[in-house]
Amino acid sequence: MAWPYILSALAGLIFTFTMAGLRAPLNVDNLRKGINFGLAVGLGLMAMTTVIHFAYLEKPLAAFLIDGGYDVIRGLSVGVILALWRK
Numbered sequence: 076m077a078w079p080y081i082l083s084a085l086a087g088l089i090f091t092f093t094m095a096g097l098r099a100p101l102n103v104d105n106l107r108k109g110i111n112f113g114l115a116v117g118l119g120l121m122a123m124t125t126v127i128h129f130a131y132l133e134k135p136l137a138a139f140l141i142d143g144g145y146d147v148i149r150g151l152s153v154g155v156i157l158a159l160w161r162k
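Numbering follows my numbering, with no gaps: position 17 of the sequence shown is 92.
The structure is reproduced here in structure tokens:
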């Protein structure tokens, strides 16, 4: 079944393009701002949404730390790459 991979790739592209669209209005143009932007999105938005989902699903803390950690790393890495990207 290829659907999970296709949906994951599509969601990743939408996430990255959304962050790229926010980069200019938020003036994310250096490493420090990229780190702050990535952490705000990854920890403040994505990981907190994961907390809500995991609370209702009653999943163990270890599962949240894995999934939430992935959210933070993904937001942070996209934020840094976009901040350092030169046109």
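Even for Gly, the Cβ is constructed at its ideal location relative to N, Cα and C. Small disclaimer: the values here were computed from a predicted structure and weren't measured.
Span of the alpha helix (DSSP H), counted from its first residue to its last, around residue i
i, result
"residue 108", "106-114"
"residue 130", "123-132"
"residue 76", "No alpha helix (DSSP H) holds residue 76; DSSP gives it neither H nor E."
"residue 99", "Counting along the chain, residue 99 falls outside any alpha helix (DSSP H), and DSSP gives it neither H nor E."
"residue 184", "The question about residue 184 has no answer here: the residues shown for the chain are numbered 76 through 162."
"residue 119", "Note, residue 119: premise wrong, no alpha helix (DSSP H); not H, not E."
"residue 161", "Looking at the DSSP string, residue 161 is not in any alpha helix (DSSP H), and its letter there is neither H nor E."
Short Cβ contact (8 Å threshold) for residue i with residue j
i, j, result
"residue 113", "residue 144", "no"
"residue 118", "residue 147", "yes"
"residue 139", "residue 124", "no"
How do the stretch 151-158 and the stretch 96-106 stand: do at least 3 beta-carbon pairs fall below 8 Å, yes or no? yes
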